[in-house]
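K.L.:
Number of protein chains: 2
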Amino acid sequence: MPPTPAVPHGKRPTLADVAARAGVSTALVSIVMRDAKGAGAATRERVLQAAQEIGYRPDTRARLLRSHRSHLLGVQFGLQHPFHSDLLEGVYAVAEPAGYQIALSAVAAGRGEQRATDTLLADRCEALILLGPQAPAARLAELAAQLPVVSVARRLRGSAPGVEVVRTADDEGARQAVDHLVALGHRDIAHIDGGRAPGAADRRRGYRTAMSRHGLADRVRVLPGGLTEEDGAAGARALLDAAPRPTAVLAFNDRSATGVLDTLLRARVPVPDEISVIGFDDSHLARLAHINLTTVGQDIPRLAELAVGRAIARLEGERIPDGEAVVAPRLVIRGTTAEPA
Amino acid sequence: MPPTPAVPHGKRPTLADVAARAGVSTALVSIVMRDAKGAGAATRERVLQAAQEIGYRPDTRARLLRSHRSHLLGVQFGLQHPFHSDLLEGVYAVAEPAGYQIALSAVAAGRGEQRATDTLLADRCEALILLGPQAPAARLAELAAQLPVVSVARRLRGSAPGVEVVRTADDEGARQAVDHLVALGHRDIAHIDGGRAPGAADRRRGYRTAMSRHGLADRVRVLPGGLTEEDGAAGARALLDAAPRPTAVLAFNDRSATGVLDTLLRARVPVPDEISVIGFDDSHLARLAHINLTTVGQDIPRLAELAVGRAIARLEGERIPDGEAVVAPRLVIRGTTAEPA
DNA sequence: CTCGTTCCCTAGAACGTTCTAGTAGCTGGA
DNA sequence: TCCAGCTACTAGAACGTTCTAGGGAACGAG
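In the order they appear, the protein sequences are chains X and P. Taking full-length UniProt numbering, I'd label the letters of the first sequence as residues 1 to 341. Taking full-length UniProt numbering, I'd label the letters of the second sequence as residues 1 to 341.
#1: If you pair each beta-carbon of the stretch 135–152 of chain X with each one of the stretch 173–185 of chain X, do three or more pairs fall below 8 Å?
#2: Report the neighbours of residue 385 of chain P on chain X: residues whose CB is nearer than 7 Å to its CB, in chain order.
#3: Per DSSP, which one or two residues make a beta bridge with T295 of chain P?
#4: Quick one: which residues of the stretch 120–132 of chain X get their C-beta closer than 7 Å to a C-beta of chain P? List them in chain order.
#5: Starting from S151 of chain X, trace the beta strand (DSSP E) both ways and give me its first and last residue.
#6: Using a 10 Å radius around the Cβ and a threshold of 16 neighbouring Cβ atoms, would you call R204 of chain P buried or exposed?
#7: Could you name the residues of the stretch 46–58 of chain X whose beta carbon sits closer than 8 Å to any beta carbon of chain P, in the order they occur along the chain?
#8: What are the boundary residues of the alpha helix (DSSP H) that includes A197 of chain X?
#9: Check whether the stretch 281–294 of chain P and the stretch 108–116 of chain P are in contact - that is, three or more C-beta pairs closer than 8 Å.
#10: At the level of alpha carbons, what is the spacing between residue 348 of chain X and V29 of chain X?
#11: With DSSP as the reference, label H186 of chain P as helix, strand or coil.
#12: Hey, out of X:L79, X:G40, X:P244 and X:L303, whose CA is closest to A328 of chain X's CA?
#13: When the Cα atoms are used, what is the spatial distance from D118 of chain X to H71 of chain P?
#14: Classify A177 of chain X: buried if its beta carbon has 16 or more other beta carbons within 10 angstroms, exposed otherwise.
#15: The beta strand (DSSP E) spanning T168 of chain P covers which residue range?
#16: Please determine if the stretch 218–236 of chain P and the stretch 251–267 of chain P are in contact, where contact requires at least 3 C-beta pairs separated by less than 8 Å.
#17: What is the DSSP secondary structure of L128 of chain X, counted as helix, strand or coil?
#18: Quick check: the Cα distance between H214 of chain X and V220 of chain X, rounded to an integer number of angstroms?
#19: Does any C-beta atom of chain X lie closer than 9 Å to the C-beta of Q146 of chain P?
#20: Considering only residues of the same chain and omitting the five flanking positions on each side of V163 of chain X, which have a CB-CB separation below 6 Å?
#21: Taking buried to mean at least 16 other C-beta atoms within 10 Å of its own C-beta, is H68 of chain P buried or exposed?
#22: If you count every other CB in all the chains shown that lies within 10 Å of the CB of L181 of chain X, and 16 or more means buried, which is it?
#23: For the putative contact between P244 of chain X and D193 of chain X, defined by C-beta atoms under 8 Å, what is the C-beta separation to the nearest angstrom?
#24: So which residues on chain P does D193 of chain X lean against when the C-beta distance must stay under 9 Å?
#25: In the DSSP assignment, find the unbroken alpha helix (DSSP H) run with I54 of chain P in it and report its ends.
#26: Alpha carbon to alpha carbon, how far is A103 of chain P from V91 of chain P?
#27: Give the single residue among P:L128, P:R12, P:V269 and P:G309 whose Cα lies nearest to the Cα of D59 of chain P.
#28: For A62 of chain P, go through chain X and note every residue whose CB falls closer than 7 Å to its CB, in chain order.
#29: Is DSSP giving I320 of chain P helix, strand or coil here?
#30: Which word fits G199 of chain X, buried or exposed, when buried means at least 16 other C-beta atoms lie within 10 angstroms of its C-beta?
#31: Give every residue of the same chain whose Cβ lies closer than 6 Å to the Cβ of A325 of chain X, excluding the five residues on either side of it in the sequence, and list them in chain order.
#32: To be precise: take each residue of the stretch 143–170 of chain P, compare its Cβ to all Cβ atoms of chain X, and keep it if any distance is under 8 Å. Which residues remain?
#33: Which term fits Q76 of chain P, buried or exposed, when burial requires 16 or more other beta carbons within 10 angstroms of its beta carbon?
#34: Among P:L65, P:G38, P:T26 and P:R266, which residue has its Cα nearest to the Cα of A50 of chain P?
#35: Can you look up H68 of chain X in the DSSP assignment and give me helix, strand or coil?
#36: Just the C-alpha distance for H81 of chain P and V32 of chain P, rounded to the nearest angstrom, thanks.
Structure representation (structure tokens):
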């Protein structure tokens with residue numbers, strides 16, 4: 001049975017209303033609402049009762065205005081990236097128990113990163129967590145001059161001083177994928193890359209290095225790609241026309257790998273019998289029974305935990321280990337890889 | 001060349017700082033920042049200059065605290081629903097030009113709808129837009145007693161008075177799909193439904209009615225499903241075992257349809273040659289060249305526009321047409337439907 | 001020259017909260 | 001008896017903005 005609010009619309013109850021009803025000062029109500037010490041048990045009860053009755057809810061904006069700390073972390077994310085959704089889930093899970101609120105700002109068509117970060121700053125966030133930011137390093141540096149900034153998944157080689165970086169060891173992930181394929185007996189292993197997407201350069205490099213280390217430098221084949229299903233599908237079509245046709249392919253991410261799988265199925269090329277396919281991320285997609293994709297898993301909860309942790313550490317003046325926080329990837333072997341025919 | 005902020009951290013510049021630097025009152029700076037009338041051209045210029053120099057940004061929280069209107073719309077969405085992402089994009093596109101800001105609150109594992117709406121209320125949103133809310137009608141009614149609430153995609157047959165509903169005509173969409181298949185010559189048309197998801201009941205009903213109207217009541221076959229790829233895949237497996245095997249299937253949504261397609265491809269059942277498949281939503285997924293799914297399109301920009309429009313209309317005291325806002329679906333014919341073999 | 005208007009600008013209150021500095025009343029020890 | 005040290009409470013300032021009221025100067029009309 002929800003308590004009927006005393007005031008229907010527009011005027012929401014304030015501390016003063018509660019105070020008047022309970023016959024105490026607003027300061028005391030504030031104390032009770034914050035569960036701070038300095039109020040007697042009986043009065044506390046009476047105040048809570050009064051608050052309940054008139055449906056009082058604290059106004060966070062006024063609260064933040066007054067207290068110099070806002071305990072608010074701004075998170076910028078891309079609306080169309082499932083990977084970001086997964087990260088966000090982790091961010092919430094870590095931040096809220098630590099006593100920090102999350103303010104979200106989406107990057108979408110017609111709403112660029114500048115706009116997204118501007119609103120976060122205007123909301124008085126204490127720190128910024130940027131998921132896969134694409135903004136120029138200079139812009140990130142500018143932000144970092146104002147408040148702690150954490151870049152997740154985007155590497156910044158000293159070009160934006162002050163920005164914390166949390167990322168997966170992308171090159172290592174690509175290496176694990178290649179090692180796995182080589183161990184199965186593959187030699188013609190192609191890579192459909194991620195173009196200019198965050199992490200793409202490292203995965204490309206990891207692939208190249210691993211191939212060389214196995215003496216397969218001359219088999220290296222990098223096909224231009226991107227981070228969508230379509231990019232993967234296009235890459236796969238190019239792959240089918242190649243001679244000799246590779247027996248395995250490492251896609252930039254799971255979305256791209258899905259595109260590859262689909263194209264191969266359509267072309268009646270059995271996976272993994274004729275071609276093995278590996279994705280990257282271990283997103284929900286890869287785990288679906290009917291996709292069952294072998295993939296390089298990113299430790300998403302760990303990435304989220306590190307990102308939030310670094311932001312909070314910077315805010316609370318703790319000492320932070322120098323340099324990037326790099327999380328190890330882990331190959332997840334499922335059904336799309338096997339020995340070559 | 002970004003201007004170097006005068007104050008590095010913590011203390012961000014305020015109106016007073018700008019005022020001091022420009023040699024005017026804070027009230028005047030406020031006027032200039034809001035682009036309100038009441039300031040001379042020369043002074044205006046000088047103030048803007050000063051603001052620029054010290055990197056001033058208005059503090060929205062303080063701003064909202066003072067002005068009785070907050071011009072803030074709270075939007076609750078599900079992190080794992082691409083359809084919600086698309087809607088959000090539309091919401092931003094409509095709200096910001098209309099002078100309203102958006103506060104996002106995600107529903108995720110471990111963060112339920114109650115939590116999501118609570119934070120929105122604490123942030124002083126003026127109205128709530130809930131994307132596919134699953135909360136009990138009583139809770140929605142409780143919210144609606146406090147402020148304007150719009151439910152998108154979830155139908156509420158009078159069980160939550162005061163809640164505005166904006167949705168697609170799901171039954172009509174299902175009808176269009178069936179009509180299209182019947183026109184192609186199909187008679188054995190199955191439906192993999194959405195279980196208890198918002199809209200599922202209407203689509204199920206629309207399918208049944210349309211089948212009856214074509215004299216195919218005895219061919220009706222509804223398979224239990226859901227809103228994920230896995231649900232679709234499971235439905236498709238059941239479908240393949242059926243005798244007689246249907247020649248066409250209407251999935252609950254595009255995600256489900258993707259699962260169906262994948263299962264059929266794997267089973268070497270050619271689409272659309274042996275089985276036609278229709279999805280629902282016309283999400284990004286369906287438009288991908290390699291999926292190329294015939295689907296019932298929801299008019300996402302229109303849904304977003306109506307949702308925001310109703311919220312704003314309620315806030316500004318405009319007269320709103322009674323009843324739900326129902327948007328017409330439109331069948332998008334692509335490559336997964338054809339005449340039966 | 002005076003009066004009203006208009007334009008530019010300012011002082012100070014207000015928004016709903018938290019914080020600082022205190023007051024009043026009690027308990028207990030010397 | 002006195003005071004130190006608690007606990008329970010309050011008044012009032014402060015946060016950064018916008019709003020209300022108004023002040024002074026310039027100008028045109030009478």
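Here a beta-carbon is modelled for each residue, glycine too, at the ideal position from N, C-alpha and C.
P.N.:
Concretely, from the data shown:
#1: no
#2: The question about residue 385 of chain P has no answer, for chain P in this structure spans 1 to 341.
#3: P:G279 and P:V332
#4: L121, A122, D123 and R124
#5: V149 to V152
#6: Note on R204 of chain P: 16 or more other CB atoms within 10 angstroms of its CB, so buried under the neighbour-count rule.
#7: For the stretch 46–58 of chain X, the set of residues with a beta-carbon nearer than 8 Å to any beta-carbon of chain P comprises G55, R57 and P58, in chain order.
#8: Taken as a continuous stretch (DSSP letters only), A197 of chain X belongs to no alpha helix (DSSP H), as it is neither H nor E.
#9: no
#10: Absent from the model: residue 348 of chain X. The displayed extent of chain X is 1 to 341, so no value can be given.
#11: coil
#12: X:L303
#13: 17 Å
#14: buried
#15: V163 to T168
#16: yes
#17: Secondary structure at L128 of chain X: strand, using DSSP grouped into helix, strand and coil.
#18: Approximately 11 Å, taken between the alpha carbons.
#19: yes
#20: L140, A144, V149, S151 and L156
#21: exposed
#22: With 16 or more other Cβ atoms within 10 Å, it is buried.
#23: The Cβ separation is near 20 Å, so there is no contact.
#24: Under the 9 Å cutoff, chain P gives no residues; its nearest Cβ is about 19 Å from D193 of chain X.
#25: A41 to I54
#26: 11 Å
#27: P:R12
#28: Within chain X, the residues near A62 of chain P are L65.
#29: Coil at I320 of chain P, not helix or strand.
#30: buried
#31: V166 and L306
#32: A145, Q146 and L147
#33: buried
#34: P:T26
#35: coil
#36: 42 Å
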